[in-house]
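Participant: Take this structure, written in structure tokens, and hold onto it; I'll ask about it next.
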Amino acid sequence: MVHQPMISTDTMKAAVRDRYVDFSEIEIRNIPIPDIKEDEVLVKIHASTINRTGCALVNAKPFIMRFFIGFMKPKRLVLGTDFSGEVVKVGKSVDQYKVGDRVMGFRDEGLSTHAEYTAVSINQGMVHMPSNLNFIEAAACQEATHYAYNWIKDKKMDSTKTVLINGATGGIGTAITQFVSASGAQVTAVGNGKNIELLRKLGAHKIFNYEEENFLECDLRYDYIFDAVGKSTYGKCKHLLKAHGIYISSELGPWIQNPILALYTAKRKGKKVEFPLPSNIIESLHYVKHQVEEGRYKPVIEKVYYSFDEIGQAYQYVSEGMKTGNVVMAHVK
Ligand SMILES: NC(=O)c1ccc[n+]([C@@H]2O[C@H](COP(=O)([O-])OP(=O)(O)OC[C@H]3O[C@@H](n4cnc5c(N)ncnc54)[C@H](OP(=O)(O)O)[C@@H]3O)[C@@H](O)[C@H]2O)c1
Numbered sequence: 005m006v007h008q009p010m011i012s013t014d015t016m017k018a019a020v021r022d023r024y025v026d027f028s029e030i031e032i033r034n035i036p037i038p039d040i041k042e043d044e045v046l047v048k049i050h051a052s053t054i055n056r057t058g059c060a061l062v063n064a065k066p067f068i069m070r071f072f073i074g075f076m077k078p079k080r081l082v083l084g085t086d087f088s089g090e091v092v093k094v095g096k097s098v099d100q101y102k103v104g105d106r107v108m109g110f111r112d113e114g115l116s117t118h119a120e121y122t123a124v125s126i127n128q129g130m131v132h133m134p135s136n137l138n139f140i141e142a143a144a145c146q147e148a149t150h151y152a153y154n155w156i157k158d159k160k161m162d163s164t165k166t167v168l169i170n171g172a173t174g175g176i177g178t179a180i181t182q183f184v185s186a187s188g189a190q191v192t193a194v195g196n197g198k199n200i201e202l203l204r205k206l207g208a209h210k211i212f213n214y215e216e217e218n219f220l221e222c223d224l225r226y227d228y229i230f231d232a233v234g235k236s237t238y239g240k241c242k243h244l245l246k247a248h249g250i251y252i253s254s255e256l257g258p259w260i261q262n263p264i265l266a267l268y269t270a271k272r273k274g275k276k277v278e279f280p281l282p283s284n285i286i287e288s289l290h291y292v293k294h295q296v297e298e299g300r301y302k303p304v305i306e307k308v309y310y311s312f313d314e315i316g317q318a319y320q321y322v323s324e325g326m327k328t329g330n331v332v333m334a335h336v337k
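Convert by adding 4 to the 1-based position in the sequence shown; the result is the number in the working numbering.
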């Protein structure tokens, strides 16, 4: 049965672009509220993040993104990759969700969530929200946590492990710092001076303020080095790894060497580079939901924007790579 929507008009506000543009060229338009298919729900969006993945949907940088999001022009008109919100309509074949459910979801190729409503297939990345989060917090629990979880999901983490996290103050960095600390592993975090106290609260045991110290001179040796800002290289960090240590970076590397090194070191004994390709968003969302409900993860939120008119400014800020944790666009307080 299709439930009646609680929708007063047929149009909605959305942040759009017809072609790949600069952040200042994002437009706010009134467009039709999407229809839903049998396996979809219509979600009234309460919050979504402006994130690094979403920046690539605006300007198709790096170029490789065009293979996923539309080569000549974007496949999706509306921007946004994640959401938290409320189900207002369900398709005929949907039985896991009902009108009024609080849900959150993410899709790295875009989910048209910088709008008042979006249609989401239940086969895409969506789960019920953790009961102990508000909509703003739930929105900030997805994009960065998905990548952070994909880095650690097949790693044995316990109190015997030593882990260094570079860029620990970012979206991915704050998530991975909490996930790894919760496992009992000894965490060294590298971040800026203003966030030393935050990094301590997230569970870091040793902290390098990169503005004053060089973590490459550290005398500890690590089982894992996670570079969540892409500003180091395996070559520079190799001496910090234990004999079977693993180096993982969020970036391809200055010479696109990280995927190549990952292939090269995979079959060799000793130190390795890994370049995980993030997959299975639903598994990531269930993991973070569980971590949140068990009190082991709380998203770090630096800024909340409340008006679509500020969206270009928000994207510009996020694209500069200096945010602390997450930046949210909210339609509720
Ligand atoms: N592989 C993938 O699928 C994938 C997906 C999403 C994102 N990414 C990449 O992953 C990286 C992290 O994404 P994110 O969303 O977490 O980014 P972010 O939130 O912008 O975080 C980057 C953090 O690094 C800090 N930082 C800057 N320079 C640093 C330095 N020299 N040493 C240590 N920390 C430094 C920044 O703060 P300050 O400048 O204030 O210090 C900021 O807190 C980005 O490079 C992004 O492009 C990869």
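Every residue, glycine too, gets a C-beta built ideally from N, C-alpha and C.
Using a threshold of 9 angstroms, state whether the C-beta atoms of H50 and F110 are closer than that.
Facilitator: Here the question's residue 50 lines up with position 46 in the sequence shown. Here the question's residue 110 lines up with position 106 in the sequence shown. No, these two residues do not count as a Cβ contact at 9 angstroms.
Participant: Among the candidates V25, V82, F27, whose CA atom is the shortest distance from the CA of R33?
Facilitator: Your numbering for residue 33 matches position 29 in the sequence shown. Out of V25, V82, F27, V82 has the C-alpha closest to the C-alpha of R33.
Participant: Could you pull the start and end residues of the alpha helix (DSSP H) that P263 belongs to?
Facilitator: To locate residue 263, count along the sequence shown from 1; it is residue 259. Start and end: 261-270.
Participant: Just the C-alpha distance for G95 and Y101, rounded to the nearest angstrom, thanks.
Facilitator: As a first step, residue 95 is located in the sequence shown; it is residue number 91 there, counting from the start. As a first step, residue 101 is located in the sequence shown; it is residue number 97 there, counting from the start. So the two alpha carbons sit approximately 10 angstroms from each other.
Participant: When every heavy atom of ligand 1 is checked, does at least one fall within less than 8 angstroms of the C-beta of V233?
Facilitator: For this step, residue 233 is matched to residue 229 along the sequence shown. Yes, ligand 1 has a heavy atom inside 8 angstroms of this Cβ.
Participant: Tell me the rounded alpha-carbon separation between M5 and S187.
Facilitator: Position 1 of the sequence shown, counted from the start, is the residue given in the question as residue 5. Position 183 of the sequence shown, counted from the start, is the residue given in the question as residue 187. Residue placement at M5 cannot be trusted, given a pLDDT of 44 that sits under 50; the coordinates are not used to answer.
Participant: Using alpha carbons as the reference points, say which of V308, G207, G171 lies closest to V331.
Facilitator: What you label residue 331 is simply residue 327 of the sequence shown in a count that begins at 1. Closest option to V331, Cα to Cα, is V308.
Participant: Look at the alpha carbon of D43 and the alpha carbon of A193, and state the distance between them as a whole number of angstroms.
Facilitator: The sequence position of residue 43 within the sequence shown is 39, counting from 1. The sequence position of residue 193 within the sequence shown is 189, counting from 1. Cα to Cα, D43 sits roughly 43 angstroms from A193.
Participant: Expressed to the nearest angstrom, what Euclidean distance is found between the alpha-carbon atoms of I40 and S125?
Facilitator: In the sequence shown, counting from the first residue as 1, residue 40 sits at position 36. In the sequence shown, counting from the first residue as 1, residue 125 sits at position 121. Cα to Cα, I40 sits roughly 9 angstroms from S125.
Participant: Using only CA atoms, which one of A143, P66, K17 lies nearest to V296?
Facilitator: Position 292 of the sequence shown, counting from 1, holds the residue named residue 296. Among A143, P66, K17, the Cα nearest to that of V296 is on A143.
Participant: Closer than 7 angstroms by C-beta to M161: which residues in its own chain qualify, once you throw out the five before and the five after it? Chain order, please.
Facilitator: Here residue 161 refers to the residue found at position 157 of the sequence shown. Around M161: V184, S187, A189.
Participant: Below 8 angstroms on the Cβ atoms is my contact criterion, and I expect I264 with W155 to pass it. Report the Cβ-Cβ distance as a whole number of Å.
Facilitator: The residue labelled residue 264 in the question sits at position 260 within the sequence shown. The residue labelled residue 155 in the question sits at position 151 within the sequence shown. With 8 angstroms as the limit, I264 and W155 do not qualify as a contact, their Cβ atoms being about 19 angstroms apart.
Participant: Suppose the cutoff is 7 angstroms on Cβ atoms and the five residues either side in sequence are ignored; what does the same chain contact list for F27 look like?
Facilitator: Here residue 27 corresponds to residue number 23 of the sequence shown, with the count starting at 1. Around F27: V62, G316, Y319, Q320, S323.
Participant: For the segment 60-142, which segments carrying the alpha helix (DSSP H) assignment without a break, of at least 4 residues, lie completely within its bounds, in sequence order?
Facilitator: With a minimum length of 4 residues, the continuous alpha helix (DSSP H) runs that stay inside the segment 60-142 are 70-73.
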